[in-house]
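Residue numbers (this note's numbering): 2 to 459.
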């Protein structure tokens, strides 16, 4: 078999090219893709809020936990497999990397179908549990019925995009997301604005655009000249590979699942202290927070193949340099987000709704939610770093520290003392507490890796 030498060279560059340029090369496409995806989410919610109404955007907020839960299963496979592939490419074990690709396809297919069936059967009780009221349930149900029908496509699409980055193809991964976002916006215009299909039209636009992008991804991986490509004999699940994928994927899985639990709890708390408008305000604030956090996710996605490859190749100095640059970039991005949220909260809220009550609640909530936003970047990058090098227990601990150990008890206790403002205040308090737990751990491990680097170079 003759591989395309450009593809092999792109993989080897992970261990030789200057780290700053390499991170820019990998992170920029991921940042562009994630930001475009986030902008789509904002446009989606703006269309629904302006065209369908305030209850519709509150109903969309109710679907966040179920969307997060679906993403959790997708992340367990996609992130776990891409990390394993990066390490194997660093070790030049190309055969195992190819089998990891095949197992990724099979796992996404199995998990995607099972998740769809279970959720469709119990959809109404699930949405009620997530905080849906009589007013918001119809909107949430209409949206999720379509999203769940295309769940296999969603899982496969995100999984293949993660593998594209691990295989040294960050630009193709970016094109895939940009195409999805662009097509999504066009279809939302067609389905929601022109055909007046409501919230169901927005969901259909998402599934259709992801389906088209997935076809292109599969075509890329069908090229036999590629270092990693789809072929017979790689799809049968192998226990050791599945175990490796899931052992690394368990960290993002738990992070997303915990996020699901938190959003369920927060939705119910916002209903209790702020009514359906409280849920709508939380949905709007979350959308804005995620828009900026998507930049950081782009940085961590760009960092992942570089850190994984150099860790596998025992080039610890390059690995640490990549980590520090990623932390600096992520922090700078979130400082910019913090400034905008503090200065222009009302203008941001008006993008989503014309309802005066919802604008007021959203603007106030946005300032609370992003109060210490600038410290979140270093915590997110550090958590992802431990995941990239296979330190699963540490990554899980850091993933859970903010949401499960800090935010959950704070979001219960603070409103008892300060009402709705207390509920908003629990979010920045947990962000700061989690950051304070992460930094000492990071510095201790940095010292260990510097000693390892000196030993390797001697």
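For each residue, glycine too, the CB sits at the ideal point set by N, CA and C.
Requested in this report: Could you tell me which of 174, 193, 190 sits nearest to residue 215, measuring between CA atoms?
Outcome: Walking along the chain shown from the start, residue 215 turns up at place 214. If we check each option's Cα against that of residue 215, 174 comes out closest.
Query - Check whether residue 167 and residue 249 have beta carbons under 7 Å apart - result: Residue 167 sits at position 166 when you count from the first residue of the chain shown. Residue 249 sits at position 248 when you count from the first residue of the chain shown. No, the pair does not count as a contact, with Cβ atoms beyond the cut-off.
Query raised in the report: If residue 427 and residue 411 are in contact, beta carbons under 8 Å, what's the gap, nearest whole angstrom?
Result: Counting from 1 along the chain shown, the entry for residue 427 is found at position 426. Counting from 1 along the chain shown, the entry for residue 411 is found at position 410. Residue 427 to residue 411, Cβ: 4 Å. Contact.
Query raised in the report: Are residue 287 and residue 132 close, meaning C-beta to C-beta below 7 Å?
Result: The residue given as residue 287 occupies position 286 in the chain shown. The residue given as residue 132 occupies position 131 in the chain shown. Going by C-beta atoms, residue 287 is not nearer than 7 Å to residue 132.
Query raised in the report: residue 405 to residue 432, Cα distance in whole Å?
Result: One-based indexing of the chain shown puts residue 405 at position 404. One-based indexing of the chain shown puts residue 432 at position 431. Taking the straight line joining both Cα atoms gives about 12 Å.
Query raised in the report: So residue 90 packs on residue 292, CB below 8 Å; how close in whole Å?
Result: Position 89 of the chain shown, counting from 1, holds the residue named residue 90. Position 291 of the chain shown, counting from 1, holds the residue named residue 292. About 32 Å; that fails the 8 Å criterion.
**Report entry** Closest Cα partner of residue 184 within the set 66, 212, 306
**Finding:** By 1-based counting over the chain shown, the position of residue 184 is 183. Cα-wise, what sits closest to residue 184 is 212.
Query - Helix, strand or coil at residue 198 [DSSP, three-state] - result: By 1-based counting over the chain shown, the position of residue 198 is 197. In this structure, residue 198 counts as coil in the three-state DSSP scheme.
Query raised in the report: Using a Cβ-Cβ cut-off of 7 Å (strictly less than) and excluding sequence neighbours within five positions of residue 239, which residues of its own chain qualify?
Result: What you label residue 239 is simply residue 238 of the chain shown in a count that begins at 1. Cβ within range, chain order: 100, 104.
Report task. Report the rounded CA-to-CA distance for residue 107 versus residue 142, giving the unit in angstroms. Result -> The count along the chain shown starts at 1 and reaches residue 107 at position 106. The count along the chain shown starts at 1 and reaches residue 142 at position 141. Near 29 Å, if we compare the C-alpha coordinates of residue 142 and residue 107.
Query raised in the report: Which residues in the same chain have their Cβ closer than 6 Å to the Cβ of residue 109, if we skip the five residues on either side of it in sequence?
Result: Start at 1 with the first residue of the chain shown, and residue 109 comes out as number 108. Only 78, 156, 157, 160 meet the Cβ criterion.
Report task. Classify residue 235 as buried or exposed, calling it buried when 16 or more other Cβ atoms lie within 10 Å of its own Cβ. Result -> For the purposes of this step, residue 235 is identified with residue 234 of the chain shown, where counting begins at 1. Residue 235 is buried by the Cβ-count criterion.
Requested in this report: Could you tell me the distance, in whole angstroms, from the CA atom of residue 164 to the CA atom of residue 326?
Outcome: Position 163 of the chain shown, counted from the first residue, corresponds to residue 164. Position 325 of the chain shown, counted from the first residue, corresponds to residue 326. Approximately 23 Å between the Cα atoms of the pair.
Report task. Report whether the distance from the Cβ of residue 322 to the nearest heavy atom of the ligand COA is below 6 Å. Result -> This structure lacks the ligand COA; in fact it carries no ligand of any kind.
Query raised in the report: Where in the segment 335-367 do unbroken runs of the alpha helix (DSSP H), each at least 4 residues long, occur, reported from the N-terminal end onward?
Result: 346-351
Query - Backbone secondary structure at residue 7 - three-state DSSP - result: For the purposes of this step, residue 7 is identified with residue 6 of the chain shown, where counting begins at 1. Low per-residue confidence applies at residue 7: pLDDT is 48, beneath 50, and the placement is therefore not dependable, though the value from the model is reported in the following sentence. In this structure, residue 7 counts as helix in the three-state DSSP scheme.
Query - Same chain, Cβ closer than 6 Å to residue 265, neighbours up to 5 away in sequence not counted - result: Taking the chain shown and counting its residues from 1, the one referred to as residue 265 is at position 264. If we look at residue 265 and ignore the five residues flanking it on each side, its Cβ neighbours are 66, 131.
Query raised in the report: Can you tell which of 252, 210, 198 has its C-alpha closest to the C-alpha of residue 398?
Result: Counting from one through the chain shown, the residue named residue 398 turns up at place 397. Nearest option by C-alpha distance: 252.
Requested in this report: Count the other C-beta atoms from every protein chain shown that fall within 10 angstroms of the C-beta of residue 144, then say buried if there are 16 or more, exposed otherwise.
Outcome: Numbered from its first residue, the chain shown carries residue 144 at position 143. It is buried - the Cβ of residue 144 has at least 16 other Cβ atoms within 10 Å.
Report task. Just the C-alpha distance for residue 7 and residue 181, rounded to the nearest angstrom, thanks. Result -> Taking the chain shown and counting its residues from 1, one reaches residue 7 at position 6. Taking the chain shown and counting its residues from 1, one reaches residue 181 at position 180. Residue confidence for residue 7 is low, a pLDDT of 48 falling below 50, so the modelled location carries little weight; the figure read from the coordinates is stated next. Approximately 27 Å between the Cα atoms of the pair.
Query - For residue 65, the three-state DSSP class (helix, strand or coil) - result: Taking the first residue of the chain shown as 1, we reach residue 65 at position 64. Three-state result, residue 65: helix.
Query raised in the report: When DSSP labels each residue in this structure, what does residue 449 get in the three-state scheme?
Result: For the purposes of this step, residue 449 is taken as residue 448 along the chain shown, with counting starting at 1. It is helical.
Query raised in the report: Nearest CA to the CA of residue 171: which residue from 336, 34, 231, 230?
Result: Here the question's residue 171 lines up with position 170 in the chain shown. Looking at the Cα atoms, 34 is the closest of the given residues.
Query raised in the report: Apart from the five residues just before and just after residue 83, which ones in its own chain have a Cβ nearer than 7 Å to its Cβ?
Result: For the purposes of this step, residue 83 is taken as the residue at position 82 of the chain shown. Closer than 7 Å at Cβ, skipping near neighbours: 163, 164, 166, 167, 305.
Query raised in the report: Between which two residues does the alpha helix (DSSP H) carrying residue 298 extend?
Result: Within the chain shown, residue 298 is the residue found at index 297, counting from 1. Run containing residue 298: 240-313, per the alpha helix (DSSP H) assignment.
Query - Cut-off 8 Å between Cβ atoms - residues of its own chain near residue 243, not counting five sequence neighbours on either side - result: On the chain shown, residue 243 is found 242 positions in, with the first residue counted as 1. 104, 108.
Query raised in the report: Who are the Cβ neighbours of residue 3 in its own chain at under 6 Å, not counting the five residues just before and after it?
Result: Here residue 3 is taken as the residue at index 2 of the chain shown, counted from 1. For residue 3, the pLDDT reaches just 44, beneath the cut-off of 50, and the residue's location in the model is therefore unreliable, although a value from the coordinates is still provided. Correct list: empty, nothing qualifies.
Query raised in the report: Cβ atoms of residue 371 and residue 339: under 7 Å apart, would you say?
Result: Your numbering for residue 339 matches position 338 in the chain shown. Your numbering for residue 371 matches position 370 in the chain shown. The answer is yes: Cβ separation under 7 Å.
Query raised in the report: Can you give the beta carbon distance from residue 282 to residue 363, rounded, assuming they're within the 8 Å contact cut?
Result: Position 281 of the chain shown, counting from 1, holds the residue named residue 282. Position 362 of the chain shown, counting from 1, holds the residue named residue 363. That pair is a contact at about 4 Å.
Query raised in the report: Would DSSP call residue 2 helix, strand or coil?
Result: The residue you call residue 2 lines up with position 1 of the chain shown. Bear in mind that the predicted position of residue 2 carries a pLDDT of just 42, short of 50, making it unreliable; the figure below should be weighed with that in mind. In this structure, residue 2 counts as coil in the three-state DSSP scheme.
**Report entry** Residue from 419, 395, 424 whose Cα sits closest to the Cα of residue 408
**Finding:** In the chain shown, counting from the first residue as 1, residue 408 sits at position 407. Comparing Cα-Cα distances from residue 408 to each of 419, 395, 424, the minimum goes to 424.
Query raised in the report: Are the beta-carbon atoms of residue 328 and residue 379 separated by less than 7 Å?
Result: The residue you call residue 328 lines up with position 327 of the chain shown. The residue you call residue 379 lines up with position 378 of the chain shown. Closer than 7 Å, so yes.
Query raised in the report: Using the beta-carbon count (16 or more within 10 Å), is residue 343 buried or exposed?
Result: Locating residue 343 in the chain shown gives position 342, where the first residue counts as 1. Exposed, since its Cβ has fewer than 16 Cβ neighbours within 10 Å.
Report task. Take residue 368 as the anchor and find which of 347, 221, 381 has the nearest alpha-carbon. Result -> Here residue 368 refers to the residue found at position 367 of the chain shown. Nearest option by C-alpha distance: 347.
Query raised in the report: Can you list the alpha helix (DSSP H) stretches of 4 or more residues lying completely in the segment 104-135, in chain order?
Result: 124-130
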